[in-house]
Amino acid sequence: MINYILLVSRQGKLRLAKWFTTLPSKSKAKIIRDVTRLVCARGPRMCNVIEYKAGKVVYRQYASLFFICEIGEQDNELLTLEIIHRYVEILDKYFGNVCELDLVYNFDRAYTILDELVVAGELQESSRDKVLKATASMEVGEYDEELREALKATFLG
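Right, here's the structure in full:
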């Protein structure tokens, strides 16, 4: 099970955090600080798995972003790397060559895609097309709702 997923820039700025375990905010802040420091200090040729406390931190760098997950001792590191890669593929297809600014300005979409892909720390849907289709259908629903509100305000207000 994945305990959390963090997206961190090369400068150490947190861009996205999704927690699948309940922790106090002080503990979360300490974990973010420690893990970010550990991952950012590693060289590009070093192993993508780090022993951290009672689990393992699995990370992968894409361009200027580190995608970081913590998993339990018994969980598969390679599967976690595949989940990270699938998430990046979906983001890339959705945004069209995703970059850090896409995630900064469209963080809600990044969270929506992540929620479609991973639920409660487990991979829910491995199909890239199904995740993109579900995300697109949510957008259509949001657009319809906004349009309905605008029309109501125009004609009734």
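Take 4 as the starting number for the sequence shown in this note's numbering and just add one per residue. Even glycine gets a Cβ: it sits at the ideal position worked out from N, Cα and C.
1) Based on the DSSP secondary-structure assignment, which residues constitute the bridge partners of Ile35?
2) With distances taken between CB atoms, is the gap from Tyr65 to Val91 smaller than 7 angstroms?
3) Should Lys155 be labelled buried (16 or more other beta-carbon atoms within 10 Å of its own) or exposed?
4) Whether or not the region 33–47 and the region 13–21 are in contact is what I'm after, with contact meaning three or more pairs of Cβ atoms, one per stretch, closer than 8 angstroms; do they touch?
5) Which one or two residues does DSSP pair with Gln64 in a beta bridge?
6) Using 8 angstroms for Cβ pairs, my map puts Glu80 next to Val52. What's the rounded Cβ distance?
7) Which partner residues does Ala20 have in the DSSP bridge list?
8) To the nearest angstrom, how far is it from the Cα of Leu106 to the Cα of Glu149?
9) Can you pull the DSSP bridge partners for Tyr55?
10) Cβ-heavy atom distance between Phe158 and the ligand GDP below 6 angstroms?
11) Could you pull the start and end residues of the alpha helix (DSSP H) that Thr115 belongs to?
12) Between which two residues does the alpha helix (DSSP H) harbouring Glu85 extend?
This is what the structure holds:
1) Paired residues: none, contrary to the question.
2) yes
3) exposed
4) yes
5) Phe69
6) 5 angstroms
7) Leu9
8) 23 angstroms
9) Gly58
10) With respect to the ligand GDP, the structure offers nothing, as it holds no ligand at all.
11) 110–120
12) Here the alpha helix (DSSP H) through Glu85 covers 80–98.
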